[in-house]
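**Student:** Residue numbers (UniProt numbering): 1 to 511. Encoded as C-alpha cells, here's the structure I'll be asking about.
Okay, structure coming up:
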C-alpha cells in the first residue's frame with residue numbers, strides 16, 4: 001500500500017500519510033490545516049487531534065473501547081469525559097455527558113427503542129415509544145405516526161409524506177397546509193437528482209455512477225457549489241462563490257467544522273449521539289449540506305438523506321423499510337427501521353442499506369465505504385478497509401421474498417443443500433452465493449434492484465470469481481416483487497453486469 005497519497009484539485013493540494021499498517025497517520029488539507037491519528041493494537045483510533053495551520057485547535061480527543069470494539073470513553077485535555085455503555089447485542093444503553101447528564105435507553109426484543117430517560121441535576125425526563133407488529137414506530141412521546149401499506153411513513157406531528165411507486169419520498173407537506181413545501185426527484189439508480197424547497201430548485205450531479213455529488217446547479221443550470229473528493233471518495237472540500245472551504249471531522253466521521261483558505265473557522269457543528277444538531281455557528285454553517293456522519297442534511301426538514309432512505313434523528317429510525325433487511329438469525333438486521341443497529345456511537349449507515357463500523361477517525365473512517373461509493377470495487381475496499389470502515393455484523397442479505405425466490409430456483413435447478421449458500425473466500429472478504437450448480441453461480445434478486453454499493457460489491461466479487469476461474473459462469477436471476485408488481489434491474493446495473501461478463505434473466509414469477 002502506498003504510504004503517501006496526494007490529491008490535487010487544481011488549486012490546492014491534500015496529503016494523506018499512512019503508517020506501516022495502512023492507517024491514516026496524518027492528513028493535511030489544502031489550507032495547511034491537519035489531523036493526526038494514533039491507534040491501538042486492534043487498529044482502533046486511540047487519539048485524534050485536528051487543528052489549523054496557525055495552531056488553532058479544532059478537536060483533541062482520546063478514546064477507550066470494550067472487548068467488542070465499542071467506544072466506551074471520549075476524553076478531552078481538560079479531563080472531561082463522555083462515557084458509553086452497551087448491552088450484550090452491542091446496543092447503546094447509557095451515555096454519561098461531562099456536565100453530569102445521563103441518558104438511558106431501553107429496547108424491546110426486536111431492537112425497537114422503547115424508552116429514553118434523560119437525567120440532569122436529579123431531574124429526569126422520560127420519553128416512551130410504541131411500535132406495531134411490523135416494527136414501525138407508531139407513537140413517540142405524544143406524537144402519533146402512520147404508514148402506508150408498503151411501510152412508508154405517511155404522517156407524524158410535523159409533516160405528511162408522499163411516496164412514489166418505487167417507495168421513494170417525493171414530497172413533504174407541513175401539517176395544516178395543502179401543498180408540499182419540498183419535492184424530490186431521483187434517477188434510475190435511486191439517487192436524488194433534484195430537490196425543490198419553497199420553489200427553489202437544487203439539481204445534484206454525480207461523479208459517474210458513484211454516490212458522490214460532484215456539483216449542484218440551480219433551476220437555470222448555474223453551478224451553485226461543487227465538491228472535492230479523495231481517491232477513495234472522502235469529502236475534502238466545498239467550492240462556492242469562488243472560494244474553497246475545507247472539511248474537518250471527528251472520530252465518528254461527523255463534520256465538526258469548515259475552514260476557509262486562510263484557516264479561519266467559518267462553520268462549527270455539534271450533534272448528539274443519534275445525529276440531532278445541537279448547535280451550529282459561522283457564516284457558512286447553513287451553506288454546507290454535509291453534517292453528522294458525513295450524511296447529507298436537509299435543513300428544511302431536519303432529516304438526513306441516506307440515498308436509499310431518509311433518517312429521522314429525533315426518532316432514531318428511518319422513514320421507510322430497509323431495502324435489504326437481513327439475516328434471519330440476526331434480530332437487529334431483521335428490523336427494517338432501526339438506525340445503525342442501535343449503536344450510533346460506532347456504526348454508520350451511509351446509503352441506507354446496511355451498517356458499517358466506523359473504527360477510525362473522520363476521513364479514515366470513510367475510506368472503506370467510499371471505495372464502494374467511488375466505484376472502486378472490492379480491491380479498493382480491501383486496501384482501505386485496513387484503516388477505515390468494516391462491515392457491521394453481517395452484511396444484510398435478501399429479504400424473505402428473495403429467500404422464497406431462491407428456494408424456487410433451487411428446486412427448478414435440482415440443487416441440493418450442498419449447492420445452496422456456498423461461501424467463497426475472496427481475500428479478506430467472502431462471497432455468499434445463493435446457488436452454485438454445475439459450475440454456474442446463480443444470484444437471485446426480487447423487485448427493483450439498483451447499482452447500490454451492496455449490489456456493486458456483489459458484482460465485483462462475482463467478476464473476481466470468474467477471472468480466477470472459481471466458477472465457470474455467473475448468472476443473475478431477477479423475479480417480480482409480489483409487493484410492488486415490478487421486476488426492474490436498473491440500467492446502470494445491467495451495464496455493470498454486461499461489463500463483467502455476467503449474464504442475467506428477467507423471470508415472470510413473483511415472490
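The beta carbon of each residue, even a glycine, is placed where N, CA and C say it ideally should be.
#1: Rounded to the nearest angstrom, how far is the Cβ of residue 480 from that of residue 508, given a contact under 8 Å?
#2: Using 10 angstroms around the beta-carbon of residue 379, count the other beta-carbons present and answer buried if the total reaches 16, otherwise exposed.
#3: Hey, how far is the Cα of residue 244 from the Cα of residue 192?
#4: Among all the DSSP beta bridges, which residues are the ones paired with residue 488?
#5: Hey, how far is the Cα of residue 112 from the Cα of residue 335?
#6: Could you check how far apart the C-beta atoms of residue 248 and residue 58 are, in whole angstroms? I think they sit under 8 Å.
#7: May I have the straight-line CA-CA distance separating residue 140 from residue 241, to the nearest angstrom?
#8: Rounded to the nearest angstrom, what separates residue 94 and residue 409 at their Cα positions?
#9: Would you decide whether residue 392 is buried or exposed? Buried here means 16 or more other CB atoms lie within 10 Å of its CB.
#10: Taking C-beta to C-beta, are residue 172 and residue 159 nearer than 8 Å?
#11: Could you give the first and the last residue of the continuous beta strand (DSSP E) run that contains residue 17?
#12: State the DSSP-derived secondary structure class of residue 174, mapped to helix, strand or coil.
#13: Quick check on residue 163: does DSSP put it in helix, strand or coil?
#14: With the cut-off set at 8 Å, would you say residue 433 and residue 511 are in Cβ contact?
#15: Going along the chain, which unbroken runs of the beta strand (DSSP E) with 3 or more residues stay wholly within the stretch 284-359?
#16: Buried or exposed: which applies to residue 40, given that a residue is buried once 16 or more other Cβ atoms fall within 10 Å of its Cβ?
#17: With H, G and I counted as helix, E and B as strand and the rest as coil, what does DSSP make of residue 434?
#18: Below 8 Å on the Cβ atoms is my guess for residue 348 versus residue 253; work out the distance and round it to an integer in Å.
#19: Might you give, ordered along the chain, the residues of its own chain that have their beta carbon closer than 6 Å to the beta carbon of residue 15, omitting 5 neighbours on each side?
#20: Taking its Cβ as the centre, do 16 or more other Cβ atoms sit within 10 Å of residue 156, making it buried, or is it exposed?
#21: Kindly list the residues whose CB is nearer than 8 Å to the CB of residue 495, restricted to its own chain and excluding five residues on each side of it in sequence; keep chain order.
#22: Do you know how far the Cα of residue 63 is from the Cα of residue 77?
#23: Are the stretch 289-298 and the stretch 107-125 in contact at 8 Å, needing three or more beta carbon pairs?
#24: Please name the residue or residues paired with residue 475 in a DSSP beta bridge.
#25: Check the DSSP bridge columns for residue 205 and list the partner residues they point to.
#26: Rounding to the nearest angstrom, what Cα-Cα distance links residue 197 and residue 288 in this structure?
#27: Provide the residue(s) that pair with residue 95 in DSSP beta bridges, ordered along the chain.
#28: For residue 28, name the three-state secondary structure that DSSP assigns.
#29: Going straight from the alpha carbon of residue 438 to that of residue 19, what length do you get?
#30: Looking only at its own chain, which residues have a Cβ that is under 7 Å from the Cβ of residue 206, when we skip the five neighbours before and after it?
#31: In the DSSP assignment, what are the bridge partners of residue 496?
#32: At the level of alpha carbons, what is the spacing between residue 469 and residue 476?
#33: Determine the burial state of residue 35: buried for a count of at least 16 other Cβ atoms within 10 Å of its Cβ, exposed for fewer.
#34: Tell me whether residue 413 sits in a helix, a strand or coil according to DSSP, three-state version.
#35: What three-state label does DSSP hand residue 277 in the structure shown?
#36: Taking Cβ to Cβ, would you say residue 259 is nearer than 8 Å to residue 68?
**Tutor:** According to the data block:
#1: Going by Cβ atoms, the distance from residue 480 to residue 508 rounds to 7 Å, so yes, they are a contact pair.
#2: For residue 379, the pLDDT reaches just 33, beneath the cut-off of 50, and the residue's location in the model is therefore unreliable, although a value from the coordinates is still provided. Residue 379 counts as exposed, since fewer than 16 other beta carbons sit within 10 angstroms of its beta carbon.
#3: One alpha carbon belongs to residue 244, the other to residue 192, and they sit about 24 Å apart.
#4: 448, per the DSSP bridge assignment.
#5: Spanning the two alpha carbons is a distance of roughly 8 Å.
#6: With a Cβ gap of about 5 Å, residue 248 and residue 58 count as contacting.
#7: Within the model, the alpha-carbon separation for residue 140 versus residue 241 is close to 42 Å.
#8: When only Cα atoms are considered, residue 94 and residue 409 end up about 46 Å apart.
#9: Bear in mind that the predicted position of residue 392 carries a pLDDT of just 37, short of 50, making it unreliable; the figure below should be weighed with that in mind. By the 10 Å Cβ count, residue 392 comes out buried.
#10: Their beta carbons are under 8 Å apart, which means residue 172 touches residue 159 by this criterion.
#11: Per DSSP, residue 17 belongs to the beta strand (DSSP E) from 13-18.
#12: In this structure, residue 174 counts as strand in the three-state DSSP scheme.
#13: Here residue 163 sits in strand by DSSP.
#14: No; because the gap between Cβ atoms is not below 8 Å, this pair is not in contact.
#15: Fully enclosed beta strand (DSSP E) runs of 3 or longer: 296-298, 303-305, 310-312, 356-358.
#16: Under this definition residue 40 is an exposed residue.
#17: Residue 434 carries a strand assignment under DSSP once its states are collapsed to helix, strand and coil.
#18: Yes, residue 348 and residue 253 are in contact; Cβ-Cβ is about 6 Å, under 8 Å.
#19: The residues are 6, 28.
#20: The residue is buried, with at least 16 neighbouring Cβ atoms inside 10 Å.
#21: The beta carbon of residue 495 sits closer than 8 Å to none of the beta carbons in its chain outside the five residues before and after it.
#22: Each residue's Cα considered, the two are about 12 Å apart.
#23: No: fewer than three Cβ pairs fall under 8 Å.
#24: DSSP output for residue 475 lists 442, 503 as bridge partner(s).
#25: Answer is 215.
#26: Each residue's alpha carbon lies about 16 Å from the other.
#27: Per DSSP, 84, 103.
#28: Residue 28 sits in a strand when the DSSP states are folded into three classes.
#29: Rounded to the nearest angstrom, the two C-alpha atoms are 45 Å apart.
#30: 191, 212, 213, 214.
#31: DSSP, once it has assigned bridges, lists no residue as partnering residue 496.
#32: Going by the C-alpha atoms only, they are around 18 Å apart.
#33: Buried, because 16 or more other Cβ atoms sit within 10 Å of the Cβ of residue 35.
#34: Secondary structure at residue 413: helix, using DSSP grouped into helix, strand and coil.
#35: Of the three classes helix, strand and coil, the one that applies to residue 277 here is strand, per DSSP.
#36: Judged by beta-carbon spacing, residue 68 lies beyond the 8 Å limit of residue 259, meaning their Cβ atoms are not closer than that value.
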